[in-house]
Amino acid sequence: MAETRTEALHQNAEGLDIQAPDAILSSLANAQIEAAKAVRGAVPAIAKAAEIIASRLNSGGKLAYAAAGSSGLMALADALELPGTFGIQRDRIAILIAGGDDAFKTLAGGPEDDTEEASAAVAAAGIGEGDCLIAVSASGSTPYAVRAI
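This is the structure in structure tokens:
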């Protein structure tokens, strides 16, 4: 099986540890600029999703995140901000992470391919018709996240 692009070493990461600090920071800043450019093209779809999520939450629905690995950490950070920032009750937010809570101890590969675990996690969280589920995946094809939706 070919290595997923998001799992490969970034072209500018080779020798990063021996570069001058200003070169390292410039490389990191450029990568962030490229990421922001990618988001720009998705703004209409993100805006539509935000409207749907707001509507469902205003109607009493739940919001769930499904992710694996470092994408799971990003999902967790986002989800933890919701109660304090938007007043959403914690019990209306579900965080479904491939490998469960143990995944945060090692971020080992493997659980992201477990589609049965994803289906079971969605069912256990009680995610249904009036709820929203956000799948977070750097590649857009992580089996756990894709199966969850």
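Numbered according to the working numbering, the sequence shown spans residues 737 to 885.
Glycine residues also receive a C-beta, built at the ideal position from the N, C-alpha and C atoms.
Being a predicted model, the structure only gives us computed values, none of them experimental.
Inter-residue Cα distance where the pair is Leu809 and Thr842 = CA-to-CA, the gap between Leu809 and Thr842 works out to about 12 Å.
Using alpha carbons as the reference points, say which of Val858, Phe840, Gly835, Ser855 lies closest to Pro847.
-> Gly835
Work out the CA separation of Glu853 and Met737 for me, nearest whole Å.
-> With a pLDDT of only 46 at Met737, under the threshold of 50, the placement of this residue in the model should not be trusted; the figure read from the coordinates follows. Taking the straight line joining both Cα atoms gives about 22 Å.
Round the Cβ separation of Leu799 and Arg828 to the nearest angstrom and send it over; I've been treating them as touching at under 8 Å.
-> 7 Å
Residues of its chain near Ser873, where Cβ-Cβ distance is below 6 Å and the 5 sequence neighbours each way are ignored | Ser807, Ala881
Is Ile833 near Ala803, with beta carbons less than 8 Å apart?
-> Between Ile833 and Ala803, the C-beta gap is smaller than 8 Å, which places the two residues in contact.
Look at Gly866 and Gly777 and say whether their C-beta atoms are less than 8 Å apart.
-> no
Quick one: what does DSSP say Ile885 is sitting in, helix, strand or coil?
-> coil
Length-filtered (3 minimum) beta strand (DSSP E) runs lying within the segment 740-795 | none
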